[in-house]
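Take a look at the structure set out below.
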């Protein structure tokens with residue numbers, strides 16, 4: 015699009031437009047030379063500012079050739095003044111078009127930057143969500159493993175408790191046998207003693 019800094023280009027166009035405003039107040043005789051100088055400056059500006067300078071210069075320098083019948087000196091002066099004003103207006107329209115093109119390019123560049131920023135933020139957010147998902151998944155697996163370990167411990171403890179209960183039952187049975195034998199021995203002793 016443009017080859018020079020957009021702020022400088024827009025400022026230069028504004029300066030050219032102010033120069034046109036000043037020239038519009040002059041007659042053909044007073045302003046024609048200054049118009050040619052301005053036109054040359056605008057051509058140089060277009061060559062420096064735009065990649066498609068040649069196309070823009072063809073439009074800028076296009077004119078319509080007309081056959082003009084012989085006119086009186088006064089009519090010729092009026093026609094030259096009108097042509098001069100028309101040329102100024104044409105140059106002004108072209109400059110306003112350049113200004114709009116540069117402004118749009120700046121807006122598009124800002125939009126591209128903003129879209130790039132949004133894309134970068136989206137990628138970062140996606141990467142962060144993937145990381146968090148992995149962390150959550152790891153925590154879930156860790157919790158499952160912990161629950162499994164707790165269940166194993168509980169089962170092991172239950173197994174030990176069942177074993178202890180069996181041992182206690184066996185000891186109670188042994189004690190009961192001893193008590194019965196002791197009871198029988200006491201009974202036998204008491205019968206002997208009596």
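In the working numbering, the protein residues as written are 15 to 208. Each residue gets a CB set at the ideal place from its N, CA and C atoms; glycine is no exception. Please read all numbers here as calculations on a predicted model, not as lab measurements.
Can you give the Cα-Cα distance for residue i and residue j, rounded to whole angstroms?
| i | j | result |
| --- | --- | --- |
| residue 86 | residue 105 | 28 Å |
| residue 210 | residue 149 | Outside the displayed span of the chain (15 to 208) sits residue 210, for which this structure offers no information. |
| residue 188 | residue 178 | 15 Å |
| residue 92 | residue 111 | 28 Å |
| residue 89 | residue 95 | 10 Å |
| residue 31 | residue 20 | 16 Å |
| residue 80 | residue 118 | Because the pLDDT of residue 80 is 43, which lies under 50, any placement of that residue in the model is unreliable, and the number read from its coordinates should be weighed accordingly. Residue 80 and residue 118: Cα-Cα distance of roughly 36 Å. |
| residue 176 | residue 183 | 10 Å |
| residue 199 | residue 205 | 10 Å |
| residue 207 | residue 191 | 24 Å |
| residue 53 | residue 114 | 19 Å |
| residue 169 | residue 146 | 34 Å |
| residue 109 | residue 26 | 10 Å |
| residue 167 | residue 133 | 51 Å |
| residue 195 | residue 201 | 10 Å |
| residue 78 | residue 131 | With a pLDDT of only 45 at residue 78, under 50, the local geometry of the prediction cannot be trusted, and no value is derived from it. |
| residue 160 | residue 193 | 48 Å |
| residue 103 | residue 49 | 11 Å |
| residue 68 | residue 135 | 41 Å |
| residue 121 | residue 127 | 10 Å |
| residue 156 | residue 165 | 14 Å |
| residue 173 | residue 152 | 31 Å |
| residue 124 | residue 35 | 31 Å |
| residue 18 | residue 154 | 58 Å |
Given a threshold of 16 other Cβ atoms within 10 Å of its Cβ, counted over all protein chains shown, does residue i qualify as buried or as exposed?
| i | result |
| --- | --- |
| residue 116 | buried |
| residue 64 | buried |
| residue 33 | buried |
| residue 224 | Since the displayed the chain opens at 15 and closes at 208, residue 224 lies outside it and no answer follows. |
| residue 59 | buried |
| residue 56 | buried |
| residue 23 | buried |
| residue 129 | exposed |
| residue 162 | exposed |
| residue 70 | buried |
| residue 82 | Because residue 82 sits at a pLDDT of 48, beneath the cut-off of 50, its placement in the model cannot be relied upon, and the following sentence gives the value as read from the coordinates. Answer is exposed; the Cβ neighbour count stays below 16. |
| residue 62 | exposed |
| residue 37 | buried |
Segment contact flag, the segment 68-75 with the segment 126-143, C-beta cutoff 8 Å, min 3 pairs: no
Validate contact between the segment 92-99 and the segment 35-44 using beta carbons, cut 8 Å, 3 pairs: yes
Complete beta strand (DSSP E) runs within the segment 129-179 (minimum length 3 residues, chain order): none
Ranges of the beta strand (DSSP E) found wholly within the segment 18-47, counting only runs of at least 3: none
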